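Protein chains in written order, with this note's numbering: chain R, 2 to 467; chain H, 2 to 467; chain U, 3 to 121; chain C, 3 to 121.
Where is the CB? At the ideal position from N, CA and C, for every residue including glycine.
All values derive from a computational prediction rather than experimental measurement.
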Ligand SMILES: NC(=O)c1ccc[n+]([C@@H]2O[C@H](COP(=O)([O-])OP(=O)(O)OC[C@H]3O[C@@H](n4cnc5c(N)ncnc54)[C@H](OP(=O)(O)O)[C@@H]3O)[C@@H](O)[C@H]2O)c1
Ligand SMILES: NC(=O)c1ccc[n+]([C@@H]2O[C@H](COP(=O)([O-])OP(=O)(O)OC[C@H]3O[C@@H](n4cnc5c(N)ncnc54)[C@H](OP(=O)(O)O)[C@@H]3O)[C@@H](O)[C@H]2O)c1
């Protein structure tokens, strides 16, 4: 029979210790130097948590539990090892869905166990209903987000006018069923909570455009944390509550940071208003309005060779092309010629916060060449050449000039102030937000069409010849 | 009869809310903009705490308690309003002593109350013993620190060889009496805890030199917090524990910051080792070894007038002379002439962390002229004139050159790199650490003898004439 | 002293939320991706609850003599169902934990000691 | 579920200590003096305990019929002594609280809005 997790003073203190280790884990991320130590702390915390669950007096089915853990490890580790870094956002979304499902299953399992002996209580029913609802919303929401990110279903938002009423109705339905369940412990009510939550997760995320998926993923991260916390109340585990709150707060803060960097309100993202505008513009702008100048790799190499200051702006395209190592080689060539090279990182370049930093770090590009938005923007005016590698929205001047643009107000990298701007991309298609970029047709700008990695390599070869 | 403070769920949550308000109070200090709002939060937290104590079911003697509160307010507010800013460290030390005494009195009161009904318990006795001991150590330690800071008793450390053994003996005695008290609730044991703790507070602080008093004050701040936390365990109040821990950690971190800025180990400060060396050197160095050049206020004004970049280094002397407003006026004169002015702030300039910042803020000197050690040090080489106003130890080059100096290793403001250095002070006497300053006899340096305020005003007048 | 455990758990929630606030704002933006990965891993903490569901021994129908079992004939099957569900939940969480830490480690391995000079 | 209140209080101590660590390191060095002043003020929180000592009503000697009073003749004087001691402690803490906040306010009043531009 299930015994509540809190059984003695020592276990409580050890559980808190496990939670503190997780805090130290996040604390380690305050600096790259301590980050790996932090990760080890978090691992130790989780190991301690699992160990405590193992020595719990009610634990009997060691074999079964070990089987479950082993199965998870066998699936999880290769997944983590093999997934290309560009698919990380999807993978993270999938992982969130698993936690959501697990929280719902825990609620279901507890219900079966308690009902078997006729031991359900109202307070427990409330907590279980809450845990299951948050968990299942996370489940379908994350799956949909992952599919949108993967491109399996179009990132196109679902613009039906009635969607807000539908969501509201589903929300009210879940609350009502939870109340019903709390009072009667009826399996029908519990089942309805499951079904309605599954639907709500989907309909919440469906209206949101693909461009906003990273915010959604972060929000679902937060939800998965609150699902864990709700489960913690049901099983009376302060550890679950502590770690759940950490995760919940972390996801919320990251969503906030992203929305802030895109200069948009969280509410408008969640209600999917932006997604709409984007869809409309996106369709119109698959062909550029004015012809953009084109340039060849030799042109770029020639001008780089003449330059004194070069700024490289990496974007999502660099990640897709896995061009970071080629970029590193090019950087070394330029530095060897005494040319000053900087990397300009926009906070939402790529598809996750810090995405570009991870890639540049992978290629071992020195940290001190990398600059953030505020520091680098004044420097564009002095730059001779700006090389934009698969970035688009984050260098879009419309954000400053075109009030009707959906990204109006978002701070961008002001690459256009430089003497020469080269944009490496494969086509005339717009970036993730689906909007035209007037930068490409400016007189000092030219497109270099092709895969970022190949182009950078060709520039390198041409530069060697120069 | 005394009822434990934790009596129902709502009170617990409200108490935590009061604690959270105090956290918000400290959080507000992360920026001057939010600091006043923070102070209001902390006030609200304390008000809520007092209100909760008032509505507690066991509360009967409203009149008495109100009397106590009123008496405290009548004494505290004028004290806080009238004390000159230079005496703040002493005042803070005195306040710590009050909290320490209050914690000890609470323990005594509880003991009387419990004993009256024969309701003492071992756990309670242990917590009360601990609270009383920490509180009383804080009491005498703080009083002695305040007296040393005030200069009523000399800052001279007490160098008796046996002091470490005495302290150790007293500590062991307190532990033994606490054990005895826990087992027997004997009033004799309790009394001995009181007496030994009072002595220990004194003998702990006596060996520490005057120069280290600010560290000691901060450490006693920490102790007063831990005394509150120990009391919190005795009365079972999570609020006392929460706020006590905040204060305890804050004091410890401030001590650490100060020791770090002075490049010395906390242990050596507490054991009073530094104090000794200082005493020896201090006596030898009341007369300068080489003759320092002297300069008049007209010389200073002339060179200031010619300068392009001026750096002002304020120190304790500026606080003593209350020269900040005169400095502000001088700064405006210089700025009006197109001369660049900066203020260089050493983290331990003055007698408390942030002392100089408070004074400059009081005189309304713009925040962006004020620079910290690391930022300003590279700039001294470009400065035409450095004006040192009552600073001494924080500009002592011996910290970098003289391995035998007690301040060797402490980061200092490298004023000597400037073209001309003027040091405003009243005499040839050394600074707080009691050691000679070779800067004064360098060829590019000169002393301007007199009170900082008068000198600065004279320089201003001379500058107007120039 | 009639404080419910529930209230204490609320206290833990409040204090942990505050800790989370501070610790997350302290994370450098360059490490926001590893942060997402590591919070993903630790959200697998639900494994503790899953183990509590999967772990208990299966009681026989005799227990219904003492407890108000509503459907005595299903007492054993329901417990087995709970165990299977619990094990599945354990496995799901384990994917998260192992996968999340592996991804984090993989990302952090890119921030090599060489870059650590920028303190 | 035999968790002592004491253990929960230890949990509060640990979590609050962590919060204190983060919040204090977040204080800008320029405000370290006001920080000392405000922590000084809030350390007057001992007033809560002092009020608990000063506040209870004085029970008459009759109570010794139910409680194991060791010195029945002193039951009332001891309670009065506790009350007086409690009131003194309340006053001491009040000096701290009012004085500490007043000093902090006085110092912070110097950081005027004009300086707030440096965000
Ligand atoms: N980082 C985050 O946390 C985050 C969060 C939320 C939203 N977002 C959104 O994501 C976007 C990020 O901006 P961004 O400038 O980095 O990317 P972007 O605007 O999506 O543009 C990426 C560009 O890379 C090009 N590209 C794709 N594959 C390429 C390849 N193999 N070689 C060369 N070029 C390639 C694409 O053009 P072609 O197809 O023509 O090649 C595209 O124009 C913003 O809209 C931002 O709001 C990011
Ligand atoms: N700030 C902190 O938190 C803190 C903490 C711990 C220790 N300390 C210690 O305090 C010291 C601070 O260094 P500091 O350079 O600011 O001060 P200092 O080394 O104590 O020197 C102050 C100087 O001001 C002069 N002075 C005093 N009254 C004056 C007046 N009315 N007009 C003009 N000059 C006057 C004194 O010389 P005359 O007597 O000749 O005038 C003295 O040389 C360091 O030793 C530091 O370690 C500070």
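Problem set entry | Inter-residue Cα distance where the pair is residue 153 of chain H and residue 121 of chain H | Taking the first residue of the second chain as 1, we reach residue 153 of chain H at position 152. Taking the first residue of the second chain as 1, we reach residue 121 of chain H at position 120. Residue 153 of chain H and residue 121 of chain H: Cα-Cα distance of roughly 42 Å.
Exercise. Is the closest heavy atom of ligand 1 to the C-beta of residue 428 of chain R under 7 Å?
Worked result: For the purposes of this step, residue 428 of chain R is taken as residue 427 along the first chain, with counting starting at 1. The beta carbon of residue 428 of chain R sits closer than 7 Å to at least one heavy atom of ligand 1.
For this session: Kindly indicate which three-state DSSP category residue 120 of chain C falls into: helix, strand or coil?
Result: The sequence position of residue 120 of chain C within the fourth chain is 118, counting from 1. Only weak support is given to the placement of residue 120 of chain C: the predicted model assigns it a pLDDT of 40, under 50, and the value that follows is read from those uncertain coordinates. In the three-state reduction of the DSSP assignment, residue 120 of chain C falls in the coil class.
Exercise. Is the segment 433-440 of chain H close to the segment 407-424 of chain H, with three or more CB pairs under 8 Å?
Worked result: Because the criterion of three Cβ pairs below 8 Å is met, the segment 433-440 of chain H and the segment 407-424 of chain H touch.
For this session: Could you please tell me which residues of the segment 20-44 of chain U, in chain order, have their CB closer than 8 Å to any CB of chain C?
Result: Taken in chain order, the members of the segment 20-44 of chain U whose beta-carbon sits within less than 8 Å of a beta-carbon on chain C are 20, 21, 24, 25, 28.
Exercise. Got a sec: does ligand 2 put a non-hydrogen atom nearer than 7 Å to the Cβ of residue 354 of chain H?
Worked result: Position 353 of the second chain holds residue 354 of chain H. At least one heavy atom of ligand 2 lies less than 7 Å from the C-beta of residue 354 of chain H.
For this session: Give a single yes or no on whether residue 263 of chain H has its beta carbon closer than 7 Å to a heavy atom of ligand 3.
Result: Absence of ligand 3 is noted for the structure shown, with ligand 1 and ligand 2 being the only ligands found.
For this session: Go through its chain and collect everything with a Cβ distance to residue 354 of chain R's Cβ below 7 Å, but skip five positions before and after it.
Result: Taking the first chain and counting its residues from 1, one reaches residue 354 of chain R at position 353. Closer than 7 Å at Cβ, skipping near neighbours: 255, 258, 259, 348.
Exercise. Which partner residues does residue 315 of chain R have in the DSSP bridge list?
Worked result: For this step, residue 315 of chain R is matched to residue 314 along the first chain. According to DSSP, residue 315 of chain R shares a beta bridge with R/390.
Exercise. What span of residues does the beta strand (DSSP E) with residue 34 of chain H cover, start to end?
Worked result: Here residue 34 of chain H is taken as the residue at index 33 of the second chain, counted from 1. Residue 34 of chain H -> not in any beta strand (DSSP E); alpha helix (DSSP H) instead, spanning 33-55.
Problem set entry | Buried or exposed by the 16-neighbour rule on C-beta atoms within 10 Å, applied to residue 124 of chain R | Here the question's residue 124 of chain R lines up with position 123 in the first chain. Within 10 angstroms of the beta-carbon of residue 124 of chain R lie fewer than 16 other beta-carbons, which makes it exposed.
Exercise. Hey, does residue 18 of chain C have any beta-carbon neighbour from chain H nearer than 8 Å?
Worked result: In the fourth chain, residue 18 of chain C corresponds to position 16, counting from 1. Residue 18 of chain C counts as touching chain H.
Exercise. Using a Cβ-Cβ cut-off of 7 Å (strictly less than) and excluding sequence neighbours within five positions of residue 101 of chain U, which residues of its own chain qualify?
Worked result: The residue given as residue 101 of chain U occupies position 99 in the third chain. Counting only Cβ-Cβ distances below 7 Å, and skipping sequence neighbours, we find nothing.
For this session: Flag residue 106 of chain U as yes if its beta-carbon sits less than 8 Å from any beta-carbon of chain R, otherwise no.
Result: Locating residue 106 of chain U in the third chain gives position 104, where the first residue counts as 1. It does; some Cβ of chain R falls within 8 Å.
Exercise. Taking C-alpha atoms, which residue in R/462, R/135, R/201 lies nearest to residue 330 of chain R?
Worked result: The count along the first chain starts at 1 and reaches residue 330 of chain R at position 329. Measuring from the Cα of residue 330 of chain R, the nearest candidate turns out to be R/462.
Problem set entry | Span of the beta strand (DSSP E), counted from its first residue to its last, around residue 345 of chain R | For the purposes of this step, residue 345 of chain R is taken as residue 344 along the first chain, with counting starting at 1. Per DSSP, residue 345 of chain R belongs to the beta strand (DSSP E) from 341-346.
Exercise. Contact between the segment 71-86 of chain H and the segment 42-60 of chain H: three or more CB pairs below 8 Å?
Worked result: The segment 71-86 of chain H and the segment 42-60 of chain H do not touch, with fewer than 3 CB-CB distances between them shorter than 8 Å.
Exercise. For residue 5 of chain C, which residues in chain R fall below 8 Å Cβ to Cβ?
Worked result: Working through the fourth chain from its first residue, we reach residue 5 of chain C at position 3. Under the 8 Å cutoff, chain R gives 7, 9, 10, 13.
Problem set entry | Identified DSSP bridge partners for residue 295 of chain R | Residue numbering aside, residue 295 of chain R sits at position 294 when the first chain is read from its first letter. DSSP links residue 295 of chain R through a beta bridge to R/448.
Exercise. Which residues in the same chain have their Cβ closer than 6 Å to the Cβ of residue 78 of chain U, if we skip the five residues on either side of it in sequence?
Worked result: By 1-based counting over the third chain, the position of residue 78 of chain U is 76. Correct list: empty, nothing qualifies.
Exercise. Would you say residue 321 of chain R touches ligand 1, meaning its beta carbon is less than 7 Å from a heavy atom?
Worked result: Position 320 of the first chain, counting from 1, holds the residue named residue 321 of chain R. Indeed, a heavy atom of ligand 1 lies less than 7 Å from the Cβ.
For this session: Answer with buried or exposed for residue 5 of chain C, where buried requires no fewer than 16 other C-beta atoms within 10 angstroms of its C-beta.
Result: Position 3 of the fourth chain, counting from 1, holds the residue named residue 5 of chain C. That one is buried.
Exercise. Which parts of the segment 58-116 of chain C are runs of the alpha helix (DSSP H), unbroken and 4 residues or longer, counting only runs that do not cross its ends?
Worked result: Counting whole runs of 4 or more residues, the segment 58-116 of chain C contains the alpha helix (DSSP H) stretches 77-110.
Problem set entry | Cβ shell of residue 480 of chain H (< 7 Å), same chain only, five flanking positions each side left out | One cannot answer for residue 480 of chain H here, as it falls past the ends of chain H, which runs 2 to 467.
Exercise. Whole-angstrom Cβ separation of residue 24 of chain R and residue 105 of chain U, contact assumed at under 8 Å?
Worked result: Counted from its first residue, the first chain places residue 24 of chain R at position 23. Counted from its first residue, the third chain places residue 105 of chain U at position 103. The C-beta distance from residue 24 of chain R to residue 105 of chain U rounds to 20 Å, too long to meet the 8 Å contact threshold.
Exercise. Expressed to the nearest angstrom, what Euclidean distance is found between the alpha-carbon atoms of residue 380 of chain H and residue 394 of chain R?
Worked result: Your numbering for residue 380 of chain H matches position 379 in the second chain. Your numbering for residue 394 of chain R matches position 393 in the first chain. When rounded, the distance between both Cα atoms is 40 Å.
For this session: Within the same chain, show all residues whose beta-carbon is closer than 6 Å to that of residue 281 of chain R, passing over the 5 residues directly before and after it, in chain order.
Result: For the purposes of this step, residue 281 of chain R is taken as the residue at position 280 of the first chain. Low confidence applies to residue 281 of chain R: its pLDDT is 38, below 50, so where it sits in the model is not reliable, and the reading given next is rough at best. Excluding sequence neighbours, residue 281 of chain R sits near nothing in its chain.
For this session: In the DSSP assignment, find the alpha helix (DSSP H) that holds residue 244 of chain H and state where it starts and stops.
Result: Reading the second chain from its first residue, position 243 is the one you call residue 244 of chain H. Looking at the DSSP string, the run of the alpha helix (DSSP H) that includes residue 244 of chain H is 239-262.
Exercise. Along chain H, which residues have their Cβ under 8 Å away from the Cβ of residue 67 of chain C?
Worked result: Stepping through the fourth chain from its first residue, residue 67 of chain C is reached at position 65. Near residue 67 of chain C there are no residues of chain H at all, since even the closest Cβ is about 12 Å away, more than 8 Å.
For this session: Please indicate yes or no: does the CB of residue 62 of chain R lie closer than 7 Å to some heavy atom of ligand 1?
Result: As a working mapping, residue 62 of chain R is identified with position 61 in the first chain. Not one heavy atom of ligand 1 sits closer than 7 Å to the Cβ of residue 62 of chain R.
For this session: Return the residue from the list H/333, H/84, H/63, H/139 that minimises the CA-CA distance to residue 249 of chain H.
Result: To locate residue 249 of chain H, count along the second chain from 1; it is residue 248. Checking every option, the nearest Cα to that of residue 249 of chain H belongs to H/139.
Problem set entry | Span separating the alpha-carbon of residue 369 of chain R from that of residue 410 of chain R | Residue mapping note: residue 369 of chain R aligns to position 368 of the first chain, counting from 1. Residue mapping note: residue 410 of chain R aligns to position 409 of the first chain, counting from 1. Cα to Cα, the separation comes out at about 29 Å.
For this session: Output the boundary residues of the beta strand (DSSP E) element that contains residue 21 of chain H.
Result: As a working mapping, residue 21 of chain H is identified with position 20 in the second chain. According to the DSSP assignment, residue 21 of chain H belongs to no beta strand (DSSP E) but to the alpha helix (DSSP H) extending over 10-29.
For this session: Return yes when at least one heavy atom of ligand 1 lies under 7 Å from the C-beta of residue 387 of chain R, else no.
Result: Counted from its first residue, the first chain places residue 387 of chain R at position 386. No; taking the cut-off as 7 Å, the Cβ of residue 387 of chain R has no heavy atom of ligand 1 nearer than that.
For this session: May I have the straight-line CA-CA distance separating residue 405 of chain H from residue 53 of chain R, to the nearest angstrom?
Result: For the purposes of this step, residue 405 of chain H is identified with residue 404 of the second chain, where counting begins at 1. For the purposes of this step, residue 53 of chain R is identified with residue 52 of the first chain, where counting begins at 1. The alpha-carbon of residue 405 of chain H is positioned some 54 Å away from that of residue 53 of chain R.
Exercise. Between residue 47 of chain C and residue 76 of chain H, is the Cβ-Cβ spacing less than 8 Å?
Worked result: The residue labelled residue 47 of chain C in the question sits at position 45 within the fourth chain. The residue labelled residue 76 of chain H in the question sits at position 75 within the second chain. Contact flag unset, no.
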